[in-house]
Amino acid sequence: MPGCTQRAENTDGTKRSGKKMPRTDFRSTGPPVTNSSRRLPVFCVASGPNLKAGEIPQPGFPDDYNLGDIFLGVEYIFQQCKEKEDYYDVLTVTATHGLCHLLGFTHNSETEWQKMYLQEKQVLEELSRRTGAQLQPLSRGLF
1 MPGCTQRAEN
11 TDGTKRSGKK
21 MPRTDFRSTG
31 PPVTNSSRRL
41 PVFCVASGPN
51 LKAGEIPQPG
61 FPDDYNLGDI
71 FLGVEYIFQQ
81 CKEKEDYYDV
91 LTVTATHGLC
101 HLLGFTHNSE
111 TEWQKMYLQE
121 KQVLEELSRR
131 TGAQLQPLSR
141 GLF
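Taking full-length UniProt numbering, the leading residue of the sequence shown gets 1, the next gets one more, and so forth.
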């Protein structure tokens with residue numbers, strides 16, 4: 001099974017190369033999204049087939065809904081949130097952003113971004129309605 005080289009950014013924005021990943025299907029969100037002068041690291045590793053935006057994967061057996069993994073730079077997020085933002089709100093928004101990536105959404109072009117933004121917004125509006133939080137998509141204002 002061939003591996004893929006993982007590439008990501010350190011929390012200071014410098015590039016680093018990771019180790020070989022033993023997955024045949026690997027995709028990531030790429031560098032962290034820059035938003036309101038804030039860089040929030042979110043890195044996703046898909047464990048299933050590449051999905052088209054919004055396509056729901058079909059499980060191979062009951063209860064098999066593993067889309068992959070989302071890695072959040074929680075320490076970096078915590079440091080960024082000390083000034084003005086609620087840590088748990090930012091974690092929720094960042095995890096939602098990562099989940100959208102695992103569901104096949106991207107923001108590489110304006111058209112793709114619009115689809116992802118609407119999906120993030122829909123999920124976060126429902127979470128906000130249920131919790132009273134004011135959650136906004138991580139990808140807002142990207143294009």
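Positions of the beta carbon are idealized from the N, C-alpha and C atoms, including for glycine.
Just the Cα atoms here: how many angstroms apart are residue i and residue j?
i	j	result
A95	A53	17 Å
E85	F61	41 Å
C81	V74	10 Å
F71	H97	11 Å
R16	Y76	The predicted position of R16 is uncertain, since its pLDDT is 38 and thus under 50; no value can be drawn from it.
L138	Y117	8 Å
T131	K121	15 Å
K115	F78	29 Å
E83	Q58	42 Å
Classify residue i as buried or exposed, calling it buried when 16 or more other Cβ atoms lie within 10 Å of its own Cβ.
i	result
V93	buried
Y65	exposed
Near residue i, what residues of its chain come up, given a Cβ to Cβ distance below 7 Å and the 5 sequence neighbours on each side ignored?
i	result
L135	D89, T92, V93, L124, L127, S128
If you drop the 5 nearest sequence neighbours on each side, which residues of the same chain put their C-beta closer than 6 Å to that of residue i?
i	result
Q119	C100, F105
Counting along the chain, where does the alpha helix (DSSP H) carrying residue i start and finish?
i	result
D89	87-102
R130	110-131
What first and last residue would you give for the beta strand (DSSP E) that runs through residue i?
i	result
F78	Run containing F78: none in the beta strand (DSSP E); it sits in the alpha helix (DSSP H), 74-81.
CB-CB under 8 Å to residue i, same chain, minus the five flanking residues each way: which ones, in chain order?
i	result
A133	D86, D89, T92, L127
E55	L103, G104
- Query: Quick one: any contact between the stretch 100-114 and the stretch 135-142, if contact means 3 or more CB pairs under 8 Å?
  - Reply: Cβ pair count under 8 Å is three or more, so yes.
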